[in-house]
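Engineer:
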Amino acid sequence: MPMATPAAVPSYRGRFAPSPSGPLHAGSLVAALGSYLDARAHHGTWLVRIEDIDPPREIAGAADTILQQLESHGLYWDEPVTWQSQNSPRYLERLQQLQAAGLTYFCTCTRAEIKARGNHYDGFCRNLQHGPHGAAIRLLNLQPIQQFHDRWHGNVQLAPELANEDFVLRRRDQLWAYQLAVVADDYASGITDIVRGEDLLHASGWQLTLWQIFSQLDQGGSLPRLAHLPLILGEDGRKLSKQNHATPIIAANAAENLHMASKALGLKLPHPSEYDSLQAYLQIAVHAWQGKYA
Ligand code: GLU
Ligand code: ZN
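With positions in the sequence shown counted from 1, the corresponding number in the numbering used here is that position plus 1.
(1) What runs of the beta strand (DSSP E), each 3 residues or longer, lie entirely inside the region 125 to 156?
(2) Could you check the C-alpha separation between Trp-212 and Tyr-188 for me, to the nearest Å?
(3) So, helix, strand or coil for Ala-27, using DSSP?
(4) Taking just the CA atoms, how far does Val-49 sit from Asn-88?
(5) Start and end of the alpha helix (DSSP H) containing Val-82?
(6) If we count the other Cβ atoms within 10 Å of its Cβ and call it buried at 16 or more, is Leu-234 buried or exposed?
(7) Select from Gln-284, Pro-90, Leu-38, Phe-17 the residue whose C-alpha is nearest the C-alpha of Ala-185.
(8) Compare the Cα-Cα distances from Ala-101 to each of Leu-141, Lys-116, Ser-36, Asn-120 and report the closest residue.
(9) Can you give me the Cβ contacts of Ala-40 inside the same chain, cut-off strictly under 6 Å, excluding the 5 residues immediately before and after it?
(10) Look at the alpha carbon of Pro-249 and the alpha carbon of His-150, and state the distance between them as a whole number of angstroms.
(11) Taking 7 Å as the cut-off, is the C-beta of Ser-73 nearer than that to any heavy atom in ligand 1?
(12) Identify the continuous alpha helix (DSSP H) that holds His-260 and give its terminal residues.
(13) Is the beta carbon of Val-196 less than 8 Å from the beta carbon of Leu-230?
(14) Is Pro-19 near ligand 4, going by C-beta to nearest heavy atom under 7 Å?
(15) Roughly how many whole angstroms lie between the Cα atoms of Gly-103 and Gln-220?
(16) Taking His-228 as part of the alpha helix (DSSP H), name the residues at either end of that continuous run.
(17) Are there any heavy atoms of ligand 1 lying less than 7 Å away from the beta-carbon of Glu-59, as far as the coordinates show?
(18) Over what stretch of residues does the alpha helix (DSSP H) that includes Gly-292 continue unbroken?
(19) Terminal residues of the continuous alpha helix (DSSP H) containing Phe-107?
(20) Mind listing, in chain order, the residues whose beta carbon lies closer than 5 Å to a non-hydrogen atom of ligand 2?
(21) What number of angstroms, rounded off, separates the C-alpha of Tyr-77 from the C-alpha of Ile-54?
(22) Leu-259 and Leu-279 - do their beta-carbons sit closer together than 8 Å?
(23) Is the distance from the Cβ of Gly-28 to the Cβ of Gly-198 below 8 Å?
(24) CB of Leu-201 to nearest heavy atom of ligand 1: below 7 Å?
(25) Is the beta carbon of Ala-138 sitting closer than 8 Å to the one on Thr-105?
(26) Would you kindly work out how many angstroms separate the C-alpha atoms of Val-287 and Leu-201, rounded to a whole number?
(27) What is the DSSP secondary structure of Leu-34, counted as helix, strand or coil?
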């Protein structure tokens, strides 16, 4: 499995960025553990950011549950937890920066209209000069990144119609789009390494593209490195997801849960119950990760 790491990053900063659409399940633990181990293996900093910008999808109390689940599995973060719901000024500033650079436009297409024209948004509204009323704001995607290196998958080549899409920055319902929020925050937090589930591999081209635009506008920052970890499938063969109400992981099964997650990450370790503490086990896991992937 290719997970070679280029030369040591001086100030590795990684993060786990759950959406509070439900408690963590076996699949989200794999992502949490993988990003935690990678940060520790690089003597880096590991952050937690709650991605609570989509109220219709949120479950009351889920964010607190997620933080408790991380702690009960021994996954402690290094800086205060951040909340996307508090970062609107940052997103607005980024949006205005893109608007000033002429890199956005208003789009009034409905989901059904887009679907009727094909699988991907075709830039229909690019030159229609819509006003803001009832419109989404899209990126005028002039420099799409179609190809990148992923530490888990190696070279990733995206379908051009996907990579080239003028993706949404602010939704028609005026909520911030995930792509804008995640890149604005990762960039502002100085994230060097994004380690997360494979379900976001397809979005990485867009996110690198946006990151590249921000660094051009700011004359700063290099692109983050990426690693997309395997997903856990449920008995029905579908990926476990919070929205499908996958079984939450509970503290009483922390040892077993970590054992399963380590196995999913390709680590062959004794069962955590053979160690004095979860911390002792996690230290061994960091060493194993270092030997295999870092
Ligand atoms: N909030 C996203 C999720 O829970 C993950 C974002 C990310 O890691 O980039 O699926
Ligand atoms: Zn449109």
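Just so it is clear, CB atoms sit at the ideal spot from N, CA and C, and this is done for glycine as well.
Predicted model, so just to flag it, every value in this text is computed and none were measured.
Structural biologist: Inspection of the coordinates gives the following:
(1) 137 to 140, 148 to 151
(2) 7 Å
(3) helix
(4) 14 Å
(5) Counting along the chain, Val-82 falls outside any alpha helix (DSSP H), and DSSP gives it neither H nor E.
(6) exposed
(7) Pro-90
(8) Leu-141
(9) Gly-15, Trp-47
(10) 32 Å
(11) no
(12) 255 to 265
(13) yes
(14) Annotation note on ligand 4: not contained in the displayed structure, which lists ligand 1 and ligand 2 as its ligands.
(15) 17 Å
(16) A quick correction: the sequence has Ala, not His, at residue 228. Where Ala-228 is concerned, there is no enclosing alpha helix (DSSP H), although the beta strand (DSSP E) it sits in stretches over 226 to 230.
(17) no
(18) 279 to 294
(19) Run containing Phe-107: none in the alpha helix (DSSP H); it sits in the beta strand (DSSP E), 105 to 108.
(20) Cys-108, Cys-110, Phe-125, Cys-126
(21) 23 Å
(22) yes
(23) yes
(24) yes
(25) According to the sequence provided, residue 138 is Ile. The question's Ala does not apply to it. Yes, the pair counts as a contact, with Cβ atoms nearer than the cut-off.
(26) 24 Å
(27) helix
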